[in-house]
Amino acid sequence: MTIDEIKNVILEIIQDIDDEADLDNLDPTEALRDQLDLDSMDFLDIVMELRKRYQIQIPEADYPHLATLDSCVNYLVPRLKAA
Amino acid sequence: MLHKSINGAGNRYNVVVIGSGLGGLTSANRLAKSGHSVLLLEHHHQLGGLATWFKRRGHIFDVSLHGFPHGMVKTCRKYWNRAIMDSIVQLKNIVFDNPQFSLTTTFDRQDFTSILINKFKISPVTINAFFNTVAAMNFYDDQSMSTRDLFEKFFPGRDDVHRLLMEPITYANGSTLEDPAITYGIVFSNFMNKGVFTFKGGTDHLIGMMTEELIRNGVTICKNSKVDRIVTEKGKVHGVLVGDRFIESDSVVSNSGILNTIYDLAGKDVFPAEFLDKVKTVRVNTSSCQVYIGIKKEEIIDDIGDLLFVSTAEKFSSDELLDLHTRSRTFSLYYPKTRPGHNRYTVVASMNGRFDDWIRLNQIKYEAEKQDMIERTLVDLERYIPGVREKIDWLEAATPKTIHRYTLHTKGTSFGTKFEGLDISRSIFKAVPGLFHVGSVGIIMSGWLGAINYGVIVANDVDGYVRAL
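Read top to bottom, the protein sequences are chains A and B.
Following the numbering used here, the numbering of the first sequence begins with 4 at its first residue and continues without gaps.
Following the numbering used here, the numbering of the second sequence begins with 6 at its first residue and continues without gaps.
Shown next, in the form of structure tokens:
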């Protein structure tokens with residue numbers, strides 16, 4: 004997957020979790036949590052959805068990598084290369 | 006599919022869920038929705054665990070529907086469905102009445118702030134600092150500070166303030182002033198966010214809607230099916246035994262008590278010694294007593310509030326609340342608005358209690374203590390609803406023994422375990438691969454919202470395990 008494809012997947016999953024989330028004005032370098040009112044349960048939903056779609060296992064220790072949109076993408080690029 | 010016995014179960018599943026409390030139901034739903042084959046087994050003839058109800062002479066009594074935080078709205082939308090979410094309504098009149106103060110509140114940060122300023126004369130700076138401290142608490146934070154320390158830090162010597170802050174949470178999750186402050190702060194903050202909420206339609210309606218959703222998502226449900234044993238092979242979960250039926254599964258989620266799961270279902274032989282050493286330190290939490298009061302069909306009672314925290318004890322103490330003869334109780338009022346169409350009034354009084362106090366009584370003494378508890382409850386209720394005795398056509402009491410009979414929980418606990426149980430529950434699958442636990446543990450993973458959210462957290466662990474096989 005390309006960087007843009009991965010970015011779109013993340014945004015799509017977030018939109019599924021919260022259909023009222025304002026994704027157009029998202030700053031990719033700022034914490035998703037602060038901009039979108041996401042809580043720790045929402046991040047768990049993202050992890051479970053990524054596992055379902057791409058069989059990717061994200062250990063709890065790696066959850067901090069999911070903090071911003073950019074850090075999500077950077078973390079996922081090598082892991083979703085073949086997807 | 007919903008079956009009345011184990012005969013409806015197939016031979017093999019990705020996941021077997023033992024027990025249908027809110028945690029078990031939610032794990033089952035989440036895992037089925039995520040594409041796994043799921044079998045849900047319940048020993049009782051009714052689903053819901055402690056989220057339960059019973060019918061007597063036209064009355065429907067809710068056992069644990071007393072009020073939950075607003076977080077339930079988002080949780081139900083994401084992990085159940087919109088119809089369930091749309092049934093959530095606010096309980097606006099929360100009443101406190103004790104020798105130290107009497108007040109009515111919406112039980113949220115804004116209202117509590119103004120009460121603490123105006124009635125208790127606490128400075129806004131202190132109140133703000135207190136709220137910010139508890140709101141920032143996480144379960145992985147330092148747990149050396151007790152709730153008593155926390156209260157003394159912000160409101161030294163003010164046992165009236167301590168009572169206002171602590172009493173409702175003691176009823177909500179059985180915690181005491183000696184428990185880690187984080188267990189208090191997390192639960193209290195959840196409530197203070199927006200107040201107290203309930204389900205319009207009652208527990209039966211909620212569990213009915215959840216059952217429909219489970220069936221839609223393909224979960225096989227068998228009631229009257231008590232699991233005798235979790236079967237392991239080469240140290241990993243292999244399936245379950247229900248009577249003479251063996252059902253193979255990749256994983257088991259036990260929504261039984263954590264100690265029941267380890268000692269009775271899996272058996273201690275399958276766990277490493279160092280894990281068992283940690284298990285030995287787990288204290289089960291306390292239990293509850295209730296008195297169920299049904300009002301005659303033609304009678305009405307005035308609106309005296311939705312949830313009343315009442316006490317005639319001069320001062321608050323965790324021990325007084327647990328005493329066999331406690332003078333402190335909550336009244337949950339169910340007006341016709343609770344179940345539109347079923348126009349009846351019921352009142353449920355809840356008290357905390359110790360299993361050991363009730364189990365040591367002989368049958369005659371046990372029945373006598375139950376009658377005394379009903380009588381003390383009526384004396385209290387008459388202060389708020391004068392003449393209520395004449396309006397009642399059903400009275401019944403439940404004790405920790407009753408809770409034990411229906412839930413099978415070790416020592417009839419209605420609040421799971423103390424804090425140390427959380428780590429055991431969270432790490433059990435590292436001791437026995439494929440074995441997971443969901444249910445009230447660690448004080449914070451209890452109550453309706455805690456149980457459902459914990460069901461989601463555990464479902465994520467199970468999903469990770471099964472997909473990696």
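The beta-carbon is built from N, C-alpha and C at its ideal position, and this holds for glycine as well.
Computed from a prediction, not measured in an experiment: that's the story for all the values here.
For G29 of chain B, the enclosing alpha helix (DSSP H) stretches over residues 27 to 38.
Taking C-beta separations shorter than 6 Å and ignoring five residues to either side along the sequence, H49 of chain B has no partners in its chain. In the three-state DSSP reduction, W85 of chain B falls in the coil class, being neither helix nor strand. Neighbours of A473 of chain B in chain A, taken as residues at a C-beta separation under 8 Å, are given in chain order as Q60. The alpha carbon of T118 of chain B has as its nearest neighbour, out of B:V78, B:G262, B:N137, B:D398, the alpha carbon of B:N137.
For T335 of chain B, the enclosing beta strand (DSSP E) covers residues 333 to 339. By the Cβ neighbour-count rule, R344 of chain B is buried, with 16 or more other Cβ atoms within 10 Å of its own. Judged by DSSP secondary structure, G299 of chain B falls within the beta strand (DSSP E) whose first and last residues are 292 to 300.
Going by C-alpha positions, K241 of chain B is about 5 Å away from P438 of chain B. Listed along chain B are D468, G469, R472, each with a C-beta nearer than 8 Å to that of R54 of chain A.
Residues of chain A whose Cβ lies closer than 8 Å to the Cβ of G40 of chain B are, in chain order, K55.
Collapsing the DSSP output to three states places Q368 of chain B in a helix. Note that the C-beta distance between G426 of chain B and V287 of chain B is below 8 Å. In the DSSP assignment, M171 of chain B falls within the alpha helix (DSSP H) that extends over 164 to 178. Fully enclosed alpha helix (DSSP H) runs of no fewer than 4 residues occupy 207 to 221 of the stretch 206 to 238 of chain B, in order along the chain. Residue pairing of F441 of chain B in beta bridges, as defined by DSSP: B:V258.
Distance between L41 of chain A and V315 of chain B, taken at the CA atoms: about 37 Å.
Close to K83 of chain B, with beta-carbon spacing below 9 Å, are these residues of chain A in chain order: I20, D21, M44, D45, D48. For N465 of chain B, the C-beta contacts it makes with chain A under 7 Å involve L47, V50, M51, in order along the chain. Interface residue (Cβ-Cβ distance to chain A less than 8 Å): I191 of chain B is not classified as such. Remark: three or more beta-carbon pairs, one from each stretch, lie closer than 8 Å, so the stretch 437 to 452 of chain B and the stretch 252 to 259 of chain B are flagged as touching. Looking at B:R114, B:Y145, B:F159, the one whose alpha-carbon comes closest to that of S128 of chain B is B:F159. The three-state secondary structure of M4 of chain A, taken from DSSP, is coil. In this structure F251 of chain B is exposed. Its beta-carbon is surrounded by fewer than 16 other beta-carbon atoms within 10 angstroms.
D209 of chain B sits close to I65 of chain B, with the two beta carbons spaced by under 8 Å. E23 of chain A sits in coil when the DSSP states are folded into three classes, being neither helix nor strand.
When the five nearest sequence neighbours on each side are left out, the beta carbons in the same chain lying within less than 6 Å of the beta carbon of K205 of chain B are those of S92, V94, in order along the chain.
Around the CB of I6 of chain A, fewer than 16 other CB atoms lie within 10 Å, so the residue is classed as exposed. Using a Cβ-Cβ cut-off of 7 Å, V461 of chain B is close to M44, L47 of chain A, given in chain order. Per DSSP, the continuous alpha helix (DSSP H) segment holding K435 of chain B begins and ends at 426 to 436. In the structure shown, the three-state DSSP call for K283 of chain B is helix. For the 8 Å CB-CB criterion, V100 of chain B and Q295 of chain B do not form a contact. Only residues of its own chain outside the window of five on either side were considered, and among them A186 have a CB closer than 6 Å to the CB of M150 of chain B, listed in chain order. Closest by C-alpha distance to M6 of chain B, out of B:S322, B:E303, B:T216, B:L400, is B:T216. Rounded to the nearest whole angstrom, the CA to CA distance from A403 of chain B to R61 of chain B is 14 Å. Boundaries of the beta strand (DSSP E) around A354 of chain B: 351 to 358.
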